[in-house]
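Visitor: Next up is a structure, given as structure tokens.
Written as structure tokens, this is what we have:
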């Protein structure tokens, strides 16, 4: 059977018809007239005439069996068609010399690719408790998915507006984000505590340049029982930072810690959020560093004047952000090949 991608070649089509007609003429011609010259001349001439007039011959496919074939499969089984007839009764398709090549498969858009990748990442997050129970293989798979998402990141200059100097709403990070995956050791290690278990984790950037990291803790024993049988307790930790853009790095956000607050929210099923929180102000440290930075070598990058440099300590890089998902990579520690990654989804609120 002639391959489909060669059917448009006229010379091959004539040859194709010739071979079929040769078989037919061989059976129809009287035995006395059968010789090579007669068979070849009649078959070739008929093939040319049929090609010029638009008539052609289509063989029906022979069914081959493994290692052998029946006599039925060797017997020519042909049908004649003529392109000039108006007979539409046949359901068989009629090939044409001008059949167009098959259309190439449609190329997936970046939106389709990112949607599929995000679905895979969400499945990993659900299977491995947001990364707290992740195996090395799962972390590697998540990193591959994140790298593929980074390649189709739809947002350029993702750190724009984070300084809070621009009063426009064009701030890609401005939202409430809830963590669904992390590989950061400082967060994953929280899940090893036998006393308290991390619950919801948020990054709240509703009033740039202030960015607040929120971690809710519940008693470890509380997670072992149905919520209806154990009175709930919850402690909320808030870490306040001041975000800033970095010179020469359009997708990098610097962070300066300003304070830590521990607020009881619920105790044995009773609301206690009216109790005073335990707060620690960290801004005095920055003032002290600014005063001694000019006298102590190595503190220049930690001062307020040096924090805008791209490689100054305390930052994260935005690898992907759209109207649904944010992926960041925190600053790598000297002994690590890369910092921990966070995947966060946009939510409406951060109520306990």
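In our numbering, the protein residues as written are 95 to 446. We treat Cβ as the ideally placed atom computed from N, Cα and C, and that holds for glycine.
What separation, rounded to the nearest whole angstrom, lies between the Cα atoms of residue 215 and residue 277?
Guide: 13 Å
Visitor: Would you identify the three-state DSSP class for residue 296, choosing helix, strand or coil?
Guide: Three-state result, residue 296: strand.
Visitor: Tell me whether the stretch 236–252 and the stretch 206–221 touch, counting them as touching only if at least three CB pairs, one residue from each stretch, are closer than 8 Å.
Guide: yes
Visitor: Looking only at C-alpha atoms, which of 237, 217, 296 and 213 sits nearest to residue 442?
Guide: 296
Visitor: Measure the beta-carbon distance from residue 360 to residue 323 and round it to whole angstroms, keeping in mind my assumption that it falls under 8 Å.
Guide: At roughly 16 Å, the Cβ-Cβ gap does not stay under 8 Å, so residue 360 and residue 323 are not in contact.
Visitor: Measuring alpha carbon to alpha carbon, tell me which of 280, 434, 346 and 358 ends up nearest residue 311.
Guide: 358
Visitor: For residue 414, I'd like the list of residues in its chain whose CB is within less than 6 Å of its CB, leaving aside the five on either flank, ordered along the chain.
Guide: 243, 244, 247 and 421
Visitor: Short of 6 Å in beta carbon distance, which residues of its chain neighbour residue 433, apart from the five on each side in sequence? Order them along the chain.
Guide: 423, 424, 425 and 426
Visitor: Are the CB atoms of residue 325 and residue 363 nearer to each other than 8 Å?
Guide: yes
Visitor: Could you round the C-beta distance between residue 342 and residue 409 to whole angstroms and report it? I think they count as a contact, below 8 Å.
Guide: Not really, about 12 Å apart at Cβ, beyond 8 Å.
Visitor: Rounded to a whole number of angstroms, what is the C-alpha to C-alpha distance between residue 263 and residue 331?
Guide: Looking at the two C-alpha atoms, the distance is approximately 28 Å.
Visitor: Could you tell me whether the Cβ of residue 368 comes closer than 8 Å to any Cβ of chain C?
Guide: In the structure shown, chain C does not exist; there is a single protein chain.
Visitor: Between the C-alpha atoms of residue 446 and residue 299, what's the straight-line distance to the nearest angstrom?
Guide: 17 Å
Visitor: The alpha helix (DSSP H) spanning residue 217 covers which residue range?
Guide: 204–221
Visitor: Would you mind working out which of 407, 405 and 336 sits nearest residue 376, comparing C-alpha positions?
Guide: Residue 336 is the option with its Cα nearest to residue 376.
Visitor: Look up residue 348 in the DSSP assignment and say whether it is helix, strand or coil.
Guide: strand
Visitor: Once you ignore the five residues that flank residue 204 on each side, which residues in its own chain have a CB closer than 6 Å to its CB?
Guide: 246
Visitor: Measuring straight from C-alpha to C-alpha, what distance separates residue 238 and residue 283?
Guide: Take the alpha-carbon of residue 238 and the one of residue 283: they are about 22 Å apart.
Visitor: Going along the chain, which residues of its own chain have a beta-carbon closer than 6 Å to the beta-carbon of residue 416, five neighbours each way excluded?
Guide: 248
Visitor: Considering just the uninterrupted stretch of the beta strand (DSSP E) at residue 307, what are its terminal residues?
Guide: 304–313
Visitor: Taking buried to mean at least 16 other C-beta atoms within 10 Å of its own C-beta, is residue 289 buried or exposed?
Guide: exposed
Visitor: Helix, strand or coil for residue 343 per DSSP?
Guide: strand
Visitor: How about residue 252 and residue 405: do their beta carbons lie closer than 8 Å?
Guide: no
Visitor: Applying the 10 Å Cβ sphere with the 16-neighbour rule, what's the burial state of residue 271?
Guide: Note on residue 271: 16 or more other CB atoms within 10 angstroms of its CB, so buried under the neighbour-count rule.
Visitor: Please state whether DSSP places residue 338 in a helix, a strand or coil.
Guide: strand
Visitor: Looking at the structure shown, is residue 282 part of a helix, part of a strand, or coil, going by DSSP?
Guide: DSSP places residue 282 in helix when its eight states are reduced to three.
Visitor: Please report the distance separating the alpha-carbon of residue 217 from that of residue 287.
Guide: Their backbone Cα atoms lie some 25 Å apart in a straight line.
Visitor: Flag residue 444 as yes when its Cβ comes closer than 7 Å to any non-hydrogen atom of the ligand FAD, and as no otherwise.
Guide: In the structure shown, the ligand FAD is absent, as is every other ligand, since no ligand is present at all.
Visitor: Which residue marks the beginning of the beta strand (DSSP E) containing residue 276, and which one marks its end?
Guide: 269–276
Visitor: Can you give the Cα-Cα distance for residue 437 and residue 235, rounded to whole angstroms?
Guide: The C-alpha of residue 235 is placed about 14 Å away from the C-alpha of residue 437.
Visitor: Which class does residue 369 belong to by DSSP, given the choice of helix, strand or coil?
Guide: coil
Visitor: How far does the beta strand (DSSP E) with residue 413 in it extend, from its first residue to its last?
Guide: 409–415
Visitor: Whole angstroms is fine: what's the gap from residue 321's alpha carbon to residue 315's?
Guide: Approximately 11 Å, taken between the alpha carbons.
Visitor: Helix, strand or coil: how does DSSP classify residue 318 here?
Guide: Residue 318: helix per DSSP, three-state reduction.
Visitor: On the DSSP bridge list, what partners appear for residue 38?
Guide: Nothing about residue 38 can be reported from this structure: the residues present for the chain run from 95 to 446 only.
Visitor: Which residue from 365, 267, 411 and 220 puts its Cα closest to that of residue 304?
Guide: 267
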